[in-house]
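Just below is one structure, and these are the notes that go with it.
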Ligand SMILES: Nc1ncnc2c1ncn2[C@@H]1O[C@H](COP(=O)(O)OP(=O)(O)O)[C@@H](O)[C@H]1O
Ligand SMILES: [Mg+2]
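Numbering (our numbering), first residue to last: -9 to 417.
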């Protein structure tokens, strides 16, 4: 769709369509939105991101019929907003698509519960039902025990949470939020972003969220449309935009993104390395350590991650005549879920003797994140060479001793591995 403000909007659109630039049609009007097409899927948070003046608010006003497009059409759940009668439009706005208040201001003379129920009251929901629903909302935002408090007894962040929950619960299927968090101070803003994602997951609303802040876009968006001078220059998932920017403009924009908060463990992980099944015993673990020249391996059982064992522990076990891996597995090894953000990986990587294991919902080992991969993903370490590897667990026991120990518990002599240089000194 197109939106041109000014004296000759239709003529401007024709010229834009045949290749004129925004500046070239300035004599005919301000081209606020140029050829912007996109589809929002039910249940997603679709973010429109761009600098001030790029056309975001104009787009969102066309979505709910507040502004007619100069050319093009808006469909909401298959129904045309653009060609709707005034009466039909009111219906669409009430049931299907609505703008969430910019400020989640609470009414100072009503209790928290009555505030939470207020939007439902306006919709004509009966007292009992709206109080029940309002209590549920308050539980969801962790304020179930503050229902009878007055707004001025809550912290600023709590008040915002009540307001957000109220808007999401009372609103229609599709919610339009135009710079809804932009006026908040950074801490509360972050809290609200997290709350929005959580509530959205629970309530399954479709949200079109506008922001000029890329970090906010990346954190909230299932998909992001990046706007520049009226055009959508890229439409993709946060990961796509981060790892495959459509042009230099987007690339420059994403430079400052807090990657740790956007990228997930699953998106950067490598295949699992240095693993051994429990059933292989200390001997199996020793072999892996010797062949891969690492000082610790991940132990798995039925594809599930169990823990790690170190070379020292294995040697000690052999000396004590124990062969079962289970007794020496270090079960405190930190792992991450594939959907966890890299911030969590960073934390765990610090104390991890092995590349941080990545597991799925059922605890299966699906990958590992070596420190070097983590640093590369965060954009900190561009070059790691074969000569200069970063290894989590350099061998702490000389290769010869590993081989000797292996021979002790194996009937036949063991062949020496091809690789000679050990990672003397480690990281
Ligand atoms: N009602 C209007 N009349 C004239 N120009 C407008 C109007 N609304 C927006 N514009 C212009 O359209 C462009 C896009 O504005 P807007 O959609 O508000 O951008 P954003 O929300 O991304 O900051 C800007 O150049 C703005 O000045
Ligand atoms: Mg705006």
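Glycine included, C-beta positions come from ideal geometry on N, C-alpha and C.
- Are the CB atoms of residue 25 and residue -5 nearer to each other than 8 Å? In this structure, residue -5 does not lie closer than 8 Å to residue 25 by Cβ.
- Message: With a threshold of 6 Å on Cβ separation, who are the neighbours of residue 307 within its own chain once the five nearest residues in sequence on each side are excluded?
- Response: When the five nearest sequence neighbours on each side are left out, the beta carbons in the same chain lying within less than 6 Å of the beta carbon of residue 307 are those of 272 and 318, in order along the chain.
- Message: Just to confirm, is the Cβ distance from residue 194 to residue 68 under 8 Å?
- Response: No.
- Task: Check whether the Cβ atoms of residue 103 and residue 154 lie closer than 8 Å to each other.
- Result: Residue 103 places its beta carbon 8 Å or farther from that of residue 154.
- Message: Using only the alpha-carbon positions, how far apart do residue 176 and residue 399 sit?
- Response: Spanning the two alpha carbons is a distance of roughly 60 Å.
- Query: How about residue 356 and residue 305: do their beta carbons lie closer than 8 Å?
  - Reply: Not a contact, by the Cβ cut-off of 8 Å.
- Message: Please state the DSSP three-state secondary structure of residue 371.
- Response: With a pLDDT of only 49 at residue 371, under 50, the local geometry of the prediction cannot be trusted, and the value read off the model is given with reservation. Three-state DSSP puts residue 371 in coil, outside helix and strand.
- Query: Nearest to residue 232 by CA position, among 16, 218, 221 and 205, is which residue?
  - Reply: The residue with the shortest Cα to Cα distance from residue 232 is 205.
- Query: Under the criterion of a Cβ to heavy atom distance below 7 Å, does residue 45 qualify as lining ligand 3?
  - Reply: With respect to ligand 3, the structure offers nothing, as its ligand set consists of ligand 1 and ligand 2.
- Query: Taking 7 Å as the line, does the beta carbon of residue 175 fall inside it for any heavy atom of ligand 2?
  - Reply: For ligand 2, not one heavy atom lies less than 7 Å from the Cβ of residue 175.
- Item | Residue-chain proximity (residue 322, chain B), Cβ-Cβ < 8 Å | The chain labelled as chain B is not found in the depicted structure, where only one protein chain is given.
- Task: Hey, could you find the ends of the beta strand (DSSP E) residue 225 is sitting in?
- Result: It spans 221 to 226 - the beta strand (DSSP E) in which residue 225 sits, taken as one unbroken run.
- Message: So within the segment 142 to 207, which uninterrupted alpha helix (DSSP H) runs reach at least 4 residues, ignoring any that extend past its ends?
- Response: You should have 146 to 160 and 176 to 193.
- Pull up the distance between the alpha-carbon of residue 267 and that of residue 327, whole angstroms please. Residue 267 and residue 327: Cα-Cα distance of roughly 20 Å.
- Item | Limits of the unbroken alpha helix (DSSP H) element including residue 52 | Taken as a continuous stretch (DSSP letters only), the alpha helix (DSSP H) holding residue 52 covers 46 to 53.
- With DSSP run on the structure shown, which of helix, strand or coil describes residue 331? Correct three-state label for residue 331: strand.
- According to DSSP, residues forming a beta bridge with residue 418: This structure cannot settle anything about residue 418, because the visible part of the chain is limited to -9 through 417.
- Query: Contact check, residue 209 vs residue 252 under 8 Å by CB: the rounded distance?
  - Reply: Indeed they touch by this definition, with Cβ atoms about 7 Å apart.
- Task: Could you tell me the distance, in whole angstroms, from the CA atom of residue 125 to the CA atom of residue 106?
- Result: Note on geometry: alpha-carbon atoms of residue 125 and residue 106 lie some 8 Å from one another.
- So, is residue 73 buried or exposed, given that buried needs 16 or more other C-beta atoms within 10 angstroms? By the Cβ-count criterion, residue 73 is exposed, with fewer than 16 other Cβ atoms from all chains shown falling within 10 Å of its own Cβ.
- Task: Please go through the segment 202 to 286 and give each complete alpha helix (DSSP H) segment of 4 or more residues, from N-terminal end onward.
- Result: Taking only runs of at least 4 residues, the alpha helix (DSSP H) segments lying wholly in the segment 202 to 286 are 204 to 210, 228 to 233, 238 to 244, 249 to 252, 255 to 258 and 271 to 282.
- Does DSSP classify residue 403 as helix, strand or coil? Note that residue 403 scores 49 on pLDDT, short of 50, meaning its location in the model is unreliable; the coordinates nonetheless yield the value given after this. Coil.
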